[in-house]
Amino acid sequence: MHVAVCPGSFDPVTNGHLDVFERAAAMADQVVVAVLVNESKSGLFTIEERMEMLREVVQPYGNITVESFHGLLVDFCQERGITVIVKGLRAVSDFDYELQMGQMNYRLAGVETIFITTNPLYSFLSSSLVKEVAKFGGDVSGLVPDAVLTRLRGRLSARMGS
Ligand code: PNS
């Protein structure tokens, strides 16, 4: 496997994502973490903030880079010669949609999708759940990297104050 992509919204990156990046990086020569720019959906963090956090957490890995993309993932892959998409599967509930997307991406451009079974420690974890729990004061330490935890607390307390 040469270059693989781990795509997503990453608003924000969680330890579950990080586990998938790390395992993809052990299989591929190079891994590109690609953040979807979705103009119709505003997140808790801007694309730049998400990329900053991602860059901070993948910094120890020599073969992981972070980029953003607009539009179709397969166009991004084709522009960069990326032949493999790597996704984490947390539970059976992820499978239907992921299978459909994987089949569509193969149909569109011959780009393969490989699924990594996520670490069971993180199988319940999602960015939206982390944001919801943190918003109501729940403890999400150990579920997101420390760099994210600090920003999450800062962002949510700023929102509460405004
Ligand atoms: O973290 P998310 O929001 O679950 O990631 C979803 C993502 C970004 C992987 C998916 O929505 C995607 O690939 N979007 C890009 C647009 C695209 O290519 N759509 C067709 C998919 S078959």
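Each residue of the sequence shown is one higher than the one before, starting from 47 at the first, in the working numbering. Note that beta-carbon positions come from the ideal geometry of N, C-alpha and C, so glycine has one too.
If the criterion is Cβ atoms closer than 8 Å, does the pair residue i and residue j meet it?
i, j, result
"Val-49", "Val-78", "yes"
"Val-104", "Phe-67", "yes"
"Glu-158", "Val-130", "yes"
"Ser-173", "Thr-60", "yes"
"Gly-134", "Thr-111", "no"
"Leu-171", "Gly-62", "yes"
"Val-51", "Ile-160", "no"
"Ala-193", "Met-73", "no"
Which residues in the same chain as residue i place their Cβ atom closer than 6 Å to its Cβ, once the five residues preceding and following it in sequence are excluded?
i, result
"His-116", "Val-83"
"Pro-53", "Ala-80, Leu-119"
"Val-179", "Val-186"
"Arg-69", "Ile-162"
Within a Cβ cutoff of 8 Å, which residues of the same chain sit near residue i, ignoring the five residues on either side of it in sequence?
i, result
"Gly-89", "Ser-55, Asp-57, Arg-96"
"Ser-114", "Ala-80, Val-81, Leu-82, Val-83, Ile-93, Met-97"
From which residue to which residue does the beta strand (DSSP E) around residue i run?
i, result
"Ile-162", "158-163"
"Gln-76", "76-82"
"Ala-50", "49-54"
Which stretch, first to last residue, makes up the alpha helix (DSSP H) that contains residue i?
i, result
"Ala-72", "61-73"
"Gly-134", "Counting along the chain, Gly-134 falls outside any alpha helix (DSSP H), though it belongs to the beta strand (DSSP E) covering 130-135."
"Asn-151", "138-155"
Based on the DSSP secondary-structure assignment, which residues constitute the bridge partners of residue i?
i, result
"Phe-115", "Leu-82"
"Ser-187", "Val-190"
"Ile-110", "Val-77"
Please go through the same chain and pick out, in chain order, the residues whose beta-carbon is closer than 7 Å to the beta-carbon of residue i, but skip the five residues on each side of it.
i, result
"Arg-199", "none"
"Asn-151", "Leu-119, Val-120, Ile-131, Val-157, Thr-159"
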